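First the structure, in the form of structure tokens, and then the observations on it.
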Amino acid sequence: MVSNAEVAKVLEEFATLLELTGADGFRVNAHHRAARGVEGLTQSLAALAEDKASLTAIDGIGPKLADKLVEIVRTGTLAELETLRVRVPAGLLDILRVPGLGPKSVKAMWDANITNTDALKRAIADGSLLKLPRMGEKAVAKIKDSLAFFDSSATRTHLGKAAAVAHTFVTAISALPGVARIQPAGSLRRGKETIGDIDILVAIADDTTDRDLATRIAARFCSLPGVIHVIAQGSGKSSVLYALEGGLGRWKPTPQVASTKSAELTASFGSQPAAPRQPSIQVDLRILPESSFGSALMYFTGSKEHNVRLRERSLAMGYTLNEWGLFPVSERTVKVSKKAGGFKAKLAPASGSTNKVAGDVIYADSPALPAPLLPPQDRGVKPLASASEEEVFAMLGLPWIPPEAREDRGELNEAGPWDLVTVADIRAELHAHTTASDGLLSILELAEEALRRGFHTIAVTDHSQSSSIAGGLKPDRLRAHIAAVREANSKINGITILAGSEVDILTDGSLDYDDKLLAELDVVVASPHAALSQDPAAATARLLRAISHPRVHIIGHPTGRLLLRRAGLSPDMPRLIAAAKEHDVALEINSHWMRLDLRDTHARAAILAGVKLAINCDDHERSDFDNLQFGVATARRAWATPADCINAWPAEKLHRWLQSKR
DNA sequence: GCCGTTTTCGGCCCGACTGTTTTCAGTCG
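Residues in the first sequence are numbered from 0 upward in steps of one, following numbering that gives the first Met the number 0.
Here you go:
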């Protein structure tokens, strides 16, 4: 079976290759959009493909793309894609990933027979790259610089690692005088499971008389310990590469891949260190006036697709939206051009008039405008809204939409209010390990930590016997452990300690303890740990069997994936969700940033089907409790409310539900 | 390639920045 993610990947590659061959940009964009749509789909595409009408009902999918989707589901690929793969050298895709190089430049290189990064390095070394159109000294130097860091800069970074980096920057910069507000934006603020680069917004007072303030903030930003390369440094925008630590908590660091650079090329790039460079992440800093903070925050939080929808909505309402604010569209001044000796302004109609763009209007004697254009405020145009996100959304007739929901998945059609689950709503942890297996805390230490964080319930769920590496408990040890949990529970006030187990789901779907022992436990979290490369059919059967077991409360990290590391199982998720509904089993969102499993789109599908979610930290040590924010972010990306999450229920309701399976 | 409170054709979001140019193309988010 072809998964939605695989279909999206095929479409994405097709769009990229189309772009390189110079296809119409809107056609390219339509394919990129379709890929994202498929990726975010909650139903299985393989099932939808039976009926073409259900495909064209998806936003952005027309008749032609529907045919392509059917073809991909049936064959795993596209005939057109295979043709392009033959035509377009694979190495061009590597060149395209170099920062600063887009489809037009790469196409020009292809025409000059530069078809991989090694050839590009040679063309830089022998000066032939300079002969290409629009390739001057500076452009070539920039490409050379980017190439030097290309091998080491990770394309994506785990949410938890990126959040820690952002925290470092926010702490350092918020301490500077004159910083009115500071806030990470981008995919980090949206809680995406992996992060490309980190955006940080800083607001300074509009009426500041300190002309060097922004410059000083940027200077501090670029000189923080850990910054290994400054890409750009200015008073409005700065970008740096920041060194990432290799450690992944209880997962071992990724082994360094040896450089494949040939000796000859190393010689021509001799000024760069030859040893494998440290993995890094790009961090962008934007500095802007406080009066634009709301609209800028929306702009830089994205997603890009969500922003496009907002701007379309703005235009339809007679406004135009940009990072400086929401403006009446009739005031729009777009481009300065000396064509025909005057200034050209593209005017769109005001509200109530025709929806067609009126076209270019030439002003013969417009006063000279400074270049680059000042923000509209400084040209005497007042924004209708800009200081806060709430007021911009309100002007557009929308409730404030949480950042996690800004993915162009229909959020603009929701009436609101958006009362999504928050970290403060979570009052129970139902998946935690002690020193009895591979945890670092005793039962009481674990309970005290949970109490400190305001929880009413903590479940002790050590590993079962098959997880021998993790110190899984044989039945006799488990019975003694249950007794120890009961005793600890009698000694502590203010929190309930439950006796549970994280029971292995064995390869065939059976559980790692017999039914009699399982019945003695207050909480059973059943999780797959081994045989994580099973084929989808076997994985589906395995998990369905565990879900239908009458003693199971929660399926822990259902796919066993490790982000950027291991794909894990690919079961037929719609079937698992239907079974979870039928047997009243909760599906876990494991909050560790290496897992975030269930992923957001599957959790969304579960909620739509009426399946309960459990947001657990899978604690092994104190700091693991801090990962709750990432599990909650994933749940919020699935539009989960407190009612959807059993950890947010009051104690009596939760305990009654757990007891119903005994 | 998609789409329609006027559209089945002609639109498709917006601005900053950079470098290469003498008025603008490419890239990025």
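We put the beta carbon where it would ideally sit given N, CA and C, even for glycine. No experiment lies behind these values; they were computed from the predicted model shown.
Cα-Cα separation between residue i and residue j, rounded to whole angstroms
{"i": "residue 318", "j": "residue 165", "result": "34 Å"}
{"i": "residue 70", "j": "residue 397", "result": "39 Å"}
{"i": "residue 252", "j": "residue 593", "result": "The pLDDT assigned to residue 252 is 48, lower than 50, so where the model puts this residue is not dependable; a value taken from the coordinates is nonetheless given after this. So the alpha carbons of these two residues sit roughly 12 Å apart."}
{"i": "residue 228", "j": "residue 492", "result": "52 Å"}
{"i": "residue 415", "j": "residue 302", "result": "19 Å"}
{"i": "residue 523", "j": "residue 578", "result": "17 Å"}
{"i": "residue 351", "j": "residue 32", "result": "With a pLDDT of 29 at residue 351, under the threshold of 50, the predicted position of this residue should be treated as unreliable, and no value is reported."}
{"i": "residue 394", "j": "residue 41", "result": "31 Å"}
{"i": "residue 576", "j": "residue 604", "result": "8 Å"}
{"i": "residue 589", "j": "residue 305", "result": "27 Å"}
{"i": "residue 369", "j": "residue 68", "result": "Confidence is the limiting factor: at residue 369 the pLDDT is only 28, short of 50, which leaves the residue's position unreliable and the question unanswerable from this model."}
{"i": "residue 453", "j": "residue 10", "result": "46 Å"}
{"i": "residue 324", "j": "residue 295", "result": "8 Å"}
{"i": "residue 312", "j": "residue 293", "result": "18 Å"}
{"i": "residue 465", "j": "residue 512", "result": "9 Å"}
{"i": "residue 284", "j": "residue 179", "result": "15 Å"}
{"i": "residue 381", "j": "residue 80", "result": "49 Å"}
{"i": "residue 354", "j": "residue 207", "result": "At residue 354 the pLDDT is 27, less than 50, meaning the model places this residue with poor confidence and gives no usable figure here."}
{"i": "residue 171", "j": "residue 236", "result": "17 Å"}
{"i": "residue 545", "j": "residue 388", "result": "45 Å"}
{"i": "residue 219", "j": "residue 562", "result": "33 Å"}
Contact under 9 Å by Cβ, residue i with residue j
{"i": "residue 620", "j": "residue 438", "result": "yes"}
{"i": "residue 608", "j": "residue 580", "result": "yes"}
{"i": "residue 627", "j": "residue 504", "result": "no"}
{"i": "residue 595", "j": "residue 565", "result": "no"}
{"i": "residue 197", "j": "residue 212", "result": "no"}
{"i": "residue 216", "j": "residue 175", "result": "yes"}
{"i": "residue 499", "j": "residue 429", "result": "yes"}
{"i": "residue 410", "j": "residue 462", "result": "no"}
{"i": "residue 115", "j": "residue 99", "result": "no"}
{"i": "residue 162", "j": "residue 131", "result": "no"}
{"i": "residue 407", "j": "residue 35", "result": "yes"}
{"i": "residue 203", "j": "residue 286", "result": "yes"}
Buried versus exposed call for residue i [16 or more other C-beta atoms within 10 Å across all chains shown]
{"i": "residue 299", "result": "buried"}
{"i": "residue 527", "result": "buried"}
{"i": "residue 18", "result": "buried"}
{"i": "residue 274", "result": "Interpretation of residue 274 is limited by its pLDDT of 37, a score under 50 that renders its predicted location unreliable; no figure is taken from the coordinates."}
{"i": "residue 191", "result": "buried"}
{"i": "residue 85", "result": "exposed"}
{"i": "residue 129", "result": "exposed"}
{"i": "residue 460", "result": "buried"}
{"i": "residue 403", "result": "buried"}
{"i": "residue 643", "result": "buried"}
{"i": "residue 358", "result": "Reliability of the predicted coordinates at residue 358 is poor, the pLDDT of 29 falling under 50, and the value obtained from them is presented with this limitation in mind. Exposed."}
{"i": "residue 412", "result": "exposed"}
{"i": "residue 553", "result": "buried"}
{"i": "residue 634", "result": "buried"}
{"i": "residue 509", "result": "exposed"}
{"i": "residue 467", "result": "exposed"}
{"i": "residue 611", "result": "buried"}
{"i": "residue 173", "result": "exposed"}
Residue i: first and last residue of the uninterrupted alpha helix (DSSP H) it sits in
{"i": "residue 576", "result": "572-582"}
{"i": "residue 281", "result": "Not the alpha helix (DSSP H): residue 281 falls in the beta strand (DSSP E), residues 279-288."}
{"i": "residue 298", "result": "292-300"}
{"i": "residue 1", "result": "No alpha helix (DSSP H) contains residue 1, which DSSP labels as neither H nor E."}
{"i": "residue 123", "result": "116-124"}
{"i": "residue 51", "result": "51-55"}
{"i": "residue 25", "result": "24-38"}
Endpoints, the beta strand (DSSP E) within which residue i is located
{"i": "residue 182", "result": "178-183"}
{"i": "residue 499", "result": "495-503"}
{"i": "residue 318", "result": "318-321"}
{"i": "residue 586", "result": "585-589"}
{"i": "residue 420", "result": "No beta strand (DSSP E) holds residue 420; DSSP gives it neither H nor E."}
{"i": "residue 76", "result": "Premise fails: residue 76 is in no beta strand (DSSP E) and is neither H nor E."}
{"i": "residue 525", "result": "522-526"}
{"i": "residue 201", "result": "197-203"}
8 Å contact criterion, which residue i and residue j should meet: CB distance rounded
{"i": "residue 65", "j": "residue 54", "result": "4 Å"}
{"i": "residue 646", "j": "residue 606", "result": "Between residue 606 and residue 646 the Cβ distance is about 14 Å, and since that is not below 8 Å, they are no contact."}
{"i": "residue 59", "j": "residue 1", "result": "Residue 59 to residue 1, Cβ: 19 Å. No contact."}
{"i": "residue 446", "j": "residue 481", "result": "Not quite, the Cβ-Cβ distance comes to about 15 Å (not below 8 Å), so this is no contact."}
{"i": "residue 507", "j": "residue 541", "result": "7 Å"}
{"i": "residue 177", "j": "residue 205", "result": "Actually they are not in contact, since the Cβ atoms of residue 177 and residue 205 sit about 12 Å apart, beyond 8 Å."}
Contact test: residue i Cβ vs the ligand SAM heavy atom, cutoff 8 Å
{"i": "residue 165", "result": "Absent from the structure shown: the ligand SAM. Ligands present: none."}
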